[in-house]
């Protein structure tokens, strides 16, 4: 690894630790209170089914979208390669700040397809981010205007800066997503020939984000005692805001801060229980949406490679005997 890349990686890890420290001081409070809270965790196993169900639906659509994106770029690997490359990419995305490890999705492709697969990852990230911003921009005007009144002065400044960035970048993404076929005119024939794939990617991105909003809406309804709709509004702004601060591993710390910021208005009281509930929501999101696919990627990365090495070893033994 080059010294410059190593420096920035270490810098982002340090930032992650500092933000987690801030979250520990701001959200967790007394550790005994936190332990007592989770000992009576208000999300029974049968109600945990729905967040997990939404997470599995998202993973299914994400794999389908990855396959469609590869097809759009002229890559048609077998299904098991698509699945392996996606989940291995999820593993490295979880381990790296800003999910930059997703570029490793192309590692399982043949030599000629790795660069194109990397371009496909960037293309997919661009449109998925655009969908997140456009939905957040649309729902921002449904979000109660009085929400900013309950915030402290520092939080009001963060909220105002976020609103400015959202409207500017949301507009930019809208223009880019409309003009992309014109800007990429050299690829227009490929896009026109596979126009259905292009539309499918946009629809899949919207469906994936909708499942995410529903998941968080359910968690807010179950834990923070808001309505399902209010939880979806909080989620729409939170996941857009996270894109402005892609500096922590697994978005840890940043996710909790923005869930607290946007969820404060909908809570009847902003006490330690509200903070613990926000942390619980974030931990469920982390477990279902990031850790679970990362573990699947770890399994595929280790055991499938191990099986391949064992197979090569036996082929070598058989070849020697022959």
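In the numbering used here, the protein residues as written are -10 to 311. The beta carbon of each residue, even a glycine, is placed where N, CA and C say it ideally should be. Quantities reported herein were computed from a predicted structural model and do not represent experimental measurements.
Residue i and residue j: beta carbons closer than 8 Å?
{"i": "residue 187", "j": "residue 155", "result": "no"}
{"i": "residue 71", "j": "residue 54", "result": "no"}
{"i": "residue 194", "j": "residue 117", "result": "yes"}
{"i": "residue 159", "j": "residue 122", "result": "yes"}
{"i": "residue 223", "j": "residue 199", "result": "no"}
{"i": "residue 92", "j": "residue 110", "result": "yes"}
{"i": "residue 44", "j": "residue 278", "result": "yes"}
{"i": "residue 147", "j": "residue 250", "result": "yes"}
{"i": "residue 286", "j": "residue 79", "result": "yes"}
{"i": "residue 208", "j": "residue 76", "result": "no"}
{"i": "residue 236", "j": "residue 90", "result": "no"}
{"i": "residue 83", "j": "residue 283", "result": "yes"}
{"i": "residue 73", "j": "residue 293", "result": "yes"}
{"i": "residue 270", "j": "residue 212", "result": "yes"}
{"i": "residue 242", "j": "residue 220", "result": "no"}
{"i": "residue 94", "j": "residue 106", "result": "yes"}
{"i": "residue 215", "j": "residue 263", "result": "no"}
Going straight from the alpha carbon of residue i to that of residue j, what length do you get?
{"i": "residue 291", "j": "residue 144", "result": "44 Å"}
{"i": "residue 66", "j": "residue 253", "result": "46 Å"}
{"i": "residue 233", "j": "residue 227", "result": "10 Å"}
{"i": "residue 210", "j": "residue 62", "result": "41 Å"}
{"i": "residue 296", "j": "residue 204", "result": "36 Å"}
{"i": "residue 197", "j": "residue 185", "result": "18 Å"}
{"i": "residue 191", "j": "residue 120", "result": "8 Å"}
{"i": "residue 217", "j": "residue 60", "result": "36 Å"}
{"i": "residue 157", "j": "residue 281", "result": "34 Å"}
{"i": "residue 142", "j": "residue 69", "result": "52 Å"}
{"i": "residue 48", "j": "residue 149", "result": "33 Å"}
{"i": "residue 153", "j": "residue 244", "result": "19 Å"}
{"i": "residue 134", "j": "residue 230", "result": "17 Å"}
{"i": "residue 37", "j": "residue 272", "result": "12 Å"}
{"i": "residue 266", "j": "residue 64", "result": "44 Å"}
{"i": "residue 58", "j": "residue 163", "result": "20 Å"}
{"i": "residue 201", "j": "residue 108", "result": "25 Å"}
{"i": "residue 19", "j": "residue 189", "result": "Because the pLDDT at residue 19 is just 44, under 50, the model does not fix this residue reliably, and the value given afterwards should be weighed accordingly. The alpha-carbon atoms of residue 19 and residue 189 are separated by roughly 48 Å."}
{"i": "residue 81", "j": "residue 50", "result": "19 Å"}
{"i": "residue 268", "j": "residue 165", "result": "35 Å"}
{"i": "residue 276", "j": "residue 41", "result": "9 Å"}
{"i": "residue 246", "j": "residue 52", "result": "29 Å"}
{"i": "residue 127", "j": "residue 151", "result": "14 Å"}
{"i": "residue 39", "j": "residue 85", "result": "28 Å"}
In this structure, how does DSSP classify residue i when only helix, strand and coil are distinguished?
{"i": "residue 238", "result": "strand"}
{"i": "residue 86", "result": "strand"}
{"i": "residue 292", "result": "helix"}
{"i": "residue 216", "result": "coil"}
{"i": "residue 68", "result": "helix"}
{"i": "residue 140", "result": "coil"}
{"i": "residue 132", "result": "coil"}
{"i": "residue 107", "result": "helix"}
{"i": "residue 63", "result": "coil"}
{"i": "residue 256", "result": "coil"}
{"i": "residue 262", "result": "helix"}
{"i": "residue 42", "result": "helix"}
{"i": "residue 232", "result": "coil"}
Using a Cβ-based criterion (distance less than 7 Å to any ligand heavy atom), does residue i qualify as near the ligand NAD?
{"i": "residue 285", "result": "For the structure depicted, the ligand NAD is absent and the ligand set is empty, with no information on it obtainable."}
From which residue to which residue does the alpha helix (DSSP H) around residue i run?
{"i": "residue 94", "result": "Unbroken run through residue 94: none, as it is neither H nor E."}
{"i": "residue 252", "result": "243 to 252"}
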